[in-house]
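The next block holds one structure in the form of structure tokens; read it before the comments.
2 protein chains.
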Amino acid sequence: MTEQEAALRLRILKTAQDQFFSHGFTKVTVDEIANRIGVSKKTIYKFYPSKDELVKAVTETTLKDVEQCCRQIIDDENLGFVDKLQKMMTHAALHISKMGKPLIEDLEKNAPEIWKEISDFRSKRIMEDFGKLLKEGVAKGIFRKDIDRRLILLIYNNVIENVISPEVLTQIPFTASQVYETIIKIFFEGILTGEKPVKYLPKKIVERSFKKGKK
Amino acid sequence: MTEQEAALRLRILKTAQDQFFSHGFTKVTVDEIANRIGVSKKTIYKFYPSKDELVKAVTETTLKDVEQCCRQIIDDENLGFVDKLQKMMTHAALHISKMGKPLIEDLEKNAPEIWKEISDFRSKRIMEDFGKLLKEGVAKGIFRKDIDRRLILLIYNNVIENVISPEVLTQIPFTASQVYETIIKIFFEGILTGEKPVKYLPKKIVERSFKKGKK
DNA sequence: AACCGTAGAAACTAAATAAGTTTCCTCAAA
DNA sequence: TTTGAGGAAACTTATTTAGTTTCTACGGTT
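Listed in order, the protein sequences are those of chains H and C.
Going left to right, the first sequence walks through residues 747 to 961 as this note's numbering numbers them.
Going left to right, the second sequence walks through residues 747 to 961 as this note's numbering numbers them.
So this is what it looks like as structure tokens:
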């Protein structure tokens, strides 16, 4: 595959990702993706043998990117676990809000095996690594022990999924980063014991980070 | 039709409007609308003989609401024409941003006769009434005469349609009302001669006004 | 100038989806 | 007990879409 072909293949992937993230995949036709890029369906099927393979490629690329980012955070020895937790939460928020609800619901209904892959990944990556950090915080007396961490993550996931969405953000007098900062405050203030001062606010997220199709 | 039946009919209309405004009408199935409301397709077809009729009803109701609001503004003798223009612009903005681009493009492609109705309405209502107010301003030396008002409206329509949209607003550090206020400033500063002081800023629009399906 | 390979556009085939209708069943009201 | 209405699902028919094939044009190579 030449470099130009690789570039085209990536462009197909990014355009599909953008459209699938916004609308789900069943509502987006291969014809539409082709038209957006300015190629024919024949060219798309040159790189991806079927629409399902394209959906899979979008999903796997997304999860790989998330995995890589999470690993960088976990493996960063310069960060304390609170910083790690906060960065993980930020990254999870970006992932959840970009890989939007329309696609997740669509996958659950129409491509359950891909949905299961995402669900398993989130369980492993979010519940394990995330949960490990929460557990460490409890052990050190920084986080409260009376709140089940699986519920923390369930609530967090739902809040991000439903509040940081284009439709909601259009109708409230707050920007995406303002909303996210408030969510982080409520969560951290809710799980901290208060016995030790903890800095948990992330560096301000620029709204552009919420752009779909962006790394 | 009983009052309860009328309420159900209206609920079907509002749900359809909400979904069509966000996604266009071809991508929204009658099944989905029925599921959202918790009725069967049979019940929907009781009130609307076909999907096309439902789309037509949504469109006509929308245009009627806009017409009524515009008329109230035009007929309000307590308002100067600058206030009238500004209120018309605000109302046009709410209409354009709510009756979203997905539906307009969908109608143009798949239901051209409905699209033409909207287009004609917009020409008449926006170009005529709107244009009349601009003309009056030029005559009074308040607005510049060297800018064609058809272009003013074309540019205004495009700015509102493309900037005040959920996807864009998610990715910028401004709220919908902040963006709208800036648009209004640029437009009025751009068309005013500056010979006379003019107050043009609207009362602040609450973001909830951008909610689809809301009157 | 001729040939070759590739991709766009559109047509094609087969499968899937959706509009609109009908059937069966349940429930509430008379 | 009977009746009527609506939900759920099945059904029919039409339309759409996934994936394939054909035709044509264009650019590169010989």
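For each residue, glycine too, the CB sits at the ideal point set by N, CA and C.
In this text the structure is predicted, and so the values were computed from the model without any measurement.
Short CB-CB distance (under 9 Å) between residue i and chain C
i       : result
F876(H) : no
K847(H) : no
S865(H) : no
H841(H) : no
L825(H) : no
Contact list for residue i against chain C, beta-carbon separation under 7 Å
i       : result
L917(H) : The residue you asked about is not Leu; residue 917(H) is Gln in the sequence shown. Those within 7 Å of Q917(H) in chain C are E953, R954, F956 and K957.
Min CB distance residue i to chain H below 9 Å
i       : result
P943(C) : no
E882(C) : no
E854(C) : no
K961(C) : Bear in mind that a pLDDT of 46 at K961(C), under 50, signals an unreliable position, so the number given afterwards is only what the model happens to contain. Taking Cβ atoms only, chain H never reaches closer than 9 Å to K961(C), which makes this a no.
Q763(C) : no
Nonlocal neighbours in the same chain, by C-beta distance under 8 Å from residue i, ignoring five residues either side
i       : result
H837(C) : V812, C815, C816 and I819
K830(H) : I819, I820, D822 and L879
H833(C) : Reading the sequence as shown, one finds Lys at residue 833(C) and not His. The answer, listed in chain order, is I819, L825 and P948.
K802(H) : I860
Own chain, CB closer than 7 Å to residue i, minus 5 neighbours either side, in chain order
i       : result
I783(H) : R757, I758 and T761
S955(H) : L840
A922(C) : I910, L915, E953 and F956
F934(H) : Y946
V804(H) : L759, A762, Q763 and F766
Y926(C) : A839, I910 and I951
V776(H) : K787, I790 and K797
N856(H) : T772
E854(H) : W861
Partners in chain H for residue i, counting only beta-carbon separations shorter than 8 Å
i       : result
T921(C) : I918, P919, F920 and T921
Within chain C, the residues that residue i reaches when beta carbons sit closer than 8 Å
i       : result
K760(H) : Residues of chain C passing the Cβ test: none, with the nearest at roughly 15 Å.
Contacts of residue i in chain H (Cβ-Cβ under 9 Å)
i       : result
E913(C) : S768, P912, K957 and K958
Partners in chain H for residue i, counting only beta-carbon separations shorter than 7 Å
i       : result
K968(C) : The shown model of chain C, from 747 to 961, leaves out residue 968(C), and the question about it has no answer.
Other residues of its chain near residue i: CB distance less than 6 Å, five sequence neighbours each side excluded
i       : result
I694(C) : Only positions 747 to 961 of chain C appear in the structure, and residue 694(C) is not among them; the question remains open.
G877(H) : R895
L809(H) : F867
Next on the checklist: Count Cβ pairs between the region 925-944 of chain H and the region 878-887 of chain H that sit closer than 8 Å; are there 3 or more?
Outcome noted: yes
Checklist entry - Between the region 758-765 of chain H and the region 779-789 of chain H, are three or more C-beta pairs nearer than 8 Å? => result yes
Checklist entry - Between the region 909-918 of chain H and the region 841-851 of chain H, do three or more beta carbon pairs fall short of 8 Å? => result yes
Checklist entry - Does the region 844-859 of chain H touch the region 763-779 of chain H, meaning 3 or more C-beta pairs lie closer than 8 Å? => result yes
Item to check | Inside the region 777-863 of chain C only - alpha helix (DSSP H) runs reaching at least 4 residues | outcome: 787-793, 797-820, 827-844 and 847-856
Item to check | Every unbroken alpha helix (DSSP H) inside the region 748-776 of chain C [4 residues or more] | outcome: 749-769
Checklist entry - Which full runs of the alpha helix (DSSP H) of 4+ residues lie inside the region 863-891 of chain H, going along the chain? => result 877-885
Item to check | In chain order, each alpha helix (DSSP H) run of at least 4 residues that lies wholly inside the region 903-952 of chain H | outcome: 912-916 and 922-937
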